[in-house]
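K.L.:
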Amino acid sequence: MNEIVCKYSENTIKRAASILKRGGIVAFPTETVYGLGACARYPGAVAKIFKVKKRPLFDPLIVHISDPRDVDRLCRKVSRKSRKLIERFWPGPLTLIMPKSDAVPDIVTAGLPTVAVRMPAHPVALELIKKAGVPVAAPSANPFGYISPTTARHVAEQIGGKVDLIIDGGACPVGIESTVLDMSAREPVILRPGGLPVEEIERVIGKVKISRRIKTVANPSSLRSPGSSSSLCLPSSLRSPGQLSRHYSPSTPVKIINDRDFRIFSENNGSGKAVGIFGRSPCFTYGPDRGYVNLRGGRKNKPVPAHTGLKAGLLAFRAPVVNPAFFKSSLKRIMGKKRPAGKGISTGKKMSAGNVIFFRKIEILSVSGDLCEAAANLFSSLHKLDDAGLDIIYAEKVPERGLGAAIMDRLRKAEGRPGARK
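One point on numbering: in our numbering, the residue at position 102 of the sequence shown is 102, and numbering is uninterrupted.
(1) Three-state secondary structure (DSSP) at ALA125?
(2) Look up THR179 in the DSSP assignment and give the residues it is bridged to.
(3) The alpha helix (DSSP H) spanning ILE423 covers which residue range?
(4) So, is ARG360 buried or exposed, given that buried needs 16 or more other C-beta atoms within 10 angstroms?
(5) Could you name the residues that DSSP lists as bridge partners for GLU363?
(6) Which term fits ASP168, buried or exposed, when burial requires 16 or more other beta carbons within 10 angstroms of its beta carbon?
(7) Would the beta-carbon of SER140 fall within 9 angstroms of that of TYR42?
(8) Would you identify the three-state DSSP class for THR109, choosing helix, strand or coil?
(9) Inspect the beta-carbon positions of GLY175 and ALA376 and report whether they are closer than 9 angstroms.
(10) With a 10 Å radius around its C-beta and 16 neighbouring C-beta atoms as the bar for buried, classify ASP391 as buried or exposed.
(11) Got a sec? Which residues, its chain only, sit under 8 angstroms from VAL189 by beta carbon, not counting five neighbours each side?
(12) Going straight from the alpha carbon of GLU373 to that of PRO173, what length do you get?
(13) Can you have a look at GLU10 and say buried or exposed, based on whether 16 or more other CB atoms are within 10 angstroms of its CB?
(14) Please go through the same chain and pick out, in chain order, the residues whose beta-carbon is closer than 7 angstroms to the beta-carbon of TYR8, but skip the five residues on each side of it.
(15) CB-CB under 6 angstroms to ALA137, same chain, minus the five flanking residues each way: which ones, in chain order?
(16) Mark GLY92 as exposed unless 16 or more other C-beta atoms lie within 10 angstroms of its C-beta, in which case mark it buried.
(17) So, at 6 angstroms on beta carbons, what are the nonlocal neighbours of PRO105 in its own chain, with the 5 sequence-adjacent residues on each side left out?
(18) Kindly indicate which three-state DSSP category LYS302 falls into: helix, strand or coil?
(19) Considering only residues of the stretch 32-90, which uninterrupted alpha helix (DSSP H) runs meet the minimum length of 4 residues and lie entirely inside it, listed in chain order?
(20) Within a Cβ cutoff of 8 angstroms, which residues of the same chain sit near HIS307, ignoring the five residues on either side of it in sequence?
(21) In angstroms with no decimal places, state the Cα-to-Cα distance between GLU363 and GLY313.
(22) Near LEU411, which residues of its chain fall below 6 angstroms by C-beta distance, leaving aside the five closest residues on each side in sequence?
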């Protein structure tokens, strides 16, 4: 890795704090994802973040603090409900939007009268902010619109040559961005689901609204950022990061598989075989012992040679366990020998070899189907699939309860136009 990547140590923190105070930019770990930080008080330093990420200026940043009392320096008004949330969930993956004070430069808030603030629950992030003695504006440490980084390696591979220092604090335990809650209006509104489930927030302050509004930009890469001469396609300023319709995207196209139409079956013999069965869509299987084969488009029961096939990957929610005999009989039925029938197989018509694709790579978010584990593995799994040289990534839908809502928010935004690595 690049020499700017340094393992966490007391000396690394001192160096990073010095860089921030001088107006430089530092990538550092939080419990959610790695952040790209600059001193929030220096507009010139904050502008470097937009330039490195190629981030549009209308997309506001989150300001990170190390002490809950610092919120009063950044915010003109902190409501009673906000105080209750701060007391209950900080440090943690909750960002609050409140009326800003004059101490916050407009570049941080995209000219809005509000500021997004949070206190991260990661010892490295807290130590860095405290040592620097300044609030730190920090979006995720990746090119705008691409998959968020959850390891220092992700950061180094994407923007390593453009930052002053990357602190390697290991993998991010939550693995998905913070929940953003707008407390500036009469009624609290969730603008971005994230690492803190909505249900937990409602236990503290009662019912909150969930915003369904997202911004659509035809080509995010054409948006003007500092140092760019291209024209700016400027919607009204976003209230929160992560509100664009296309975000968190791999460079490989993503397609979400409806859980009602899809089941995965695995043969429990150590070969790693697995077959996914759609009710009304193409079917897939995976066999690393014999490589990738694509049967789409061939004559009935006549496979197309592997080198002509679509290279597909699967992002699965959980690991299935099925009796080997059932797996074999299911695969036999899929190949057109019999009408598909049985648990998880319901098409109402005979299926042919043209309905079967072999996956080249499968990533499982949680073997047990645990949503916390799935969230922690989401971005790292997408990175692995994106690095596999695939033509398409199929993502299994997850239950939209608790952290599942945040996972599906990220997958839906990744499903649009592919992102750019650099």
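Built from N, CA and C at the ideal position, the CB exists for glycine as well.
P.N.:
In short, the structure shows the following:
(1) helix
(2) LEU94
(3) Lying outside 1 to 422, the shown extent of the chain, residue 423 is not represented and no answer is given.
(4) buried
(5) LEU315
(6) buried
(7) no
(8) helix
(9) yes
(10) exposed
(11) LEU181, ASP182, VAL208, LYS209, ILE210, SER211
(12) 9 angstroms
(13) GLU10 comes out exposed.
(14) VAL124, ILE167, ASP168, GLY169
(15) ALA38, ALA40, VAL46, LEU61, VAL63, VAL108
(16) So GLY92 ends up on the buried side.
(17) PRO43
(18) Here LYS302 scores only 39 on pLDDT, less than 50, and its place in the model should not be relied on; the value that follows carries that caveat. If DSSP states are grouped into helix, strand and coil, LYS302 belongs with coil.
(19) 43-53, 71-74, 80-89
(20) Note that HIS307 scores 32 on pLDDT, short of 50, meaning its location in the model is unreliable; the coordinates nonetheless yield the value given after this. Correct list: empty, nothing qualifies.
(21) In a straight line, the C-alpha of GLU363 is about 8 angstroms away from that of GLY313.
(22) Cβ neighbours of LEU411 within its own chain (closer than 6 angstroms, five residues either side excluded): ILE256, ALA395.
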